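Residue numbers (my numbering): 417 to 716. Every residue, glycine too, gets a C-beta built ideally from N, C-alpha and C. Treat the numbers as computed from the prediction; the structure is a model and nothing was measured.
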Amino acid sequence: MISICIPVYNFDVTELVEMLLEQSSTINEEIEILVFDDRSNSFYKKRNALLTKYDTVSYLEFETNLGRSRIRNRLADFSVGSHLLFLDCDMIPNDRNFLRNYIEAKDLVPVICGGIAYGSKPFQQELLLRWKYGVAREAHNETYRQYKPYRSFTNGNFMVSKEVFNQIRYNEDIMGYGHENTLFALELKNRKIPILHINNPSLHLGIEPNYEFLAKSEQGIVSLVRLLTIAPNMRKELFSNIRILRFYQILRILGLKYPIRWFFRVFNPMIRRALCSAKPSLLLFDLYKVGLIARIYHRI
């Protein structure tokens, strides 16, 4: 059995689940779908609760927000399948054979990543930064991802054997947004558990407005700094595997740590306006995140 695990926060997943149910009717594999709501607002809870009419769907609402790591662990705890297919709530399969593609590959290796795709350039300026970042940094083909399989690992669309998942699980000390997938991938790497990247992307629908994406990115930097604190034994690997830390290390070696900190403090409002403009720069976005690291974590 395949357990499809969908953590939900303020998103309507009825279309996603109905598409998965339709695909499951054409394959020779039993599935269950678990939809766990991590304290969304009442509108989304009311919409997603309609999924309880399906026998193979288990819908559960939590009264408190568990966070990205704990909600995924709870999904795994409640699942009964031998393999877990994790899908973010703002994803939608990009292929009508999406489930079949995973099933055909599931016995090759313990972890399989399908990839992420993005639609055409949005007309709204307030969506450009997230879209541009996704296309440039996330939407890579399987050949590119397989070249550095652990660095390319993402939460949003992957299958893992339940046996392997239970060996690793998500680190529940990571409470905020971001980088729980980084630690998970490093655990896979350290245990020499192979990852296979295949061409089976999900389309990312949840493109946040610029200021919301900036806020999430700032939370991600805070989580990254916390990760350096709670996993000091992985510090070297984190610097090796995370692009923004490598970028920061280069600037620090060049003696630019304090100028970057000053630059961030003085020009922060102007940088944010530029990133939310019609032509956002990903290099400037990297400098923005580096400045935040320099500001909040002084030991590196």
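Residue i, DSSP secondary structure in three states
i	result
leucine 700	helix
tyrosine 627	helix
glycine 602	According to the sequence shown, residue 602 is leucine rather than glycine. It is helical.
lysine 655	First, the amino acid is wrong: residue 655 is phenylalanine here, not lysine. The answer is helix: DSSP assigns phenylalanine 655 an H, G or I state.
isoleucine 532	strand
aspartate 523	coil
asparagine 684	helix
glutamate 410	Here the chain has residues from 417 to 716 only, and residue 410 is not among them.
asparagine 573	strand
phenylalanine 539	coil
serine 441	coil
valine 496	coil
isoleucine 716	Since pLDDT at isoleucine 716 reaches only 46, below the 50 mark, its modelled position is unreliable, and no value is offered.
Rounded straight-line distance, which links the Cα of residue j to that of residue i
i	j	result
leucine 467	leucine 450	10 Å
isoleucine 716	asparagine 657	Because isoleucine 716 carries a pLDDT of 46, less than 50, the predicted location of this residue cannot be relied on, and no value is offered for it.
isoleucine 687	leucine 700	7 Å
serine 419	glutamate 446	9 Å
leucine 514	leucine 604	As written in the sequence, residue 514 is phenylalanine, which differs from the leucine given in the question. Taking the straight line joining both Cα atoms gives about 24 Å.
glutamine 439	glutamate 448	12 Å
arginine 484	tryptophan 678	33 Å
phenylalanine 655	asparagine 649	12 Å
glutamine 562	lysine 522	16 Å
asparagine 582	serine 474	21 Å
serine 697	serine 495	42 Å
leucine 661	tyrosine 518	33 Å
asparagine 684	arginine 516	47 Å
alanine 552	leucine 670	27 Å
tyrosine 664	threonine 598	17 Å
alanine 690	proline 509	33 Å
Counted within 10 angstroms of its Cβ, other Cβ atoms place residue i as buried (16 or more) or exposed
i	result
leucine 602	buried
leucine 544	buried
lysine 462	exposed
isoleucine 590	buried
arginine 546	buried
valine 638	buried
threonine 559	exposed
leucine 524	exposed
valine 682	exposed
Beta carbon proximity, residue i to chain D, threshold 9 Å
i	result
serine 440	Of the chains in the structure shown, none is chain D; there is only one protein chain.
Proximity below 9 Å, CB of residue i to CB of residue j
i	j	result
asparagine 587	phenylalanine 569	no
valine 433	tyrosine 470	yes
isoleucine 532	methionine 507	yes
alanine 710	lysine 673	yes
phenylalanine 629	asparagine 573	no
asparagine 616	aspartate 504	no
glycine 594	lysine 632	yes
aspartate 554	cysteine 692	Looking at the sequence provided, one finds glutamate at residue 554 rather than aspartate. Against a cut-off of 9 Å, the Cβ pair of cysteine 692 and glutamate 554 comes out as no contact.
valine 576	isoleucine 528	yes
proline 584	isoleucine 609	Checking the sequence, you will find isoleucine at residue 584 rather than proline. Cβ atoms of isoleucine 584 and isoleucine 609: closer than 9 Å.
leucine 667	valine 706	yes
proline 538	glutamate 579	no
tyrosine 713	histidine 620	no
asparagine 457	valine 429	no
Cβ-Cβ separation, residue j to residue i (assumed contact under 8 Å), whole Å
i	j	result
leucine 491	phenylalanine 452	5 Å
isoleucine 721	proline 565	One cannot answer for residue 721 here, as it falls past the ends of the chain, which runs 417 to 716.
glycine 497	serine 618	Going by Cβ atoms, the distance from glycine 497 to serine 618 rounds to 19 Å, so no, they are not a contact pair.
phenylalanine 478	aspartate 493	No, phenylalanine 478 and aspartate 493 are not in contact; Cβ-Cβ is about 13 Å, not under 8 Å.
glutamate 634	leucine 708	6 Å
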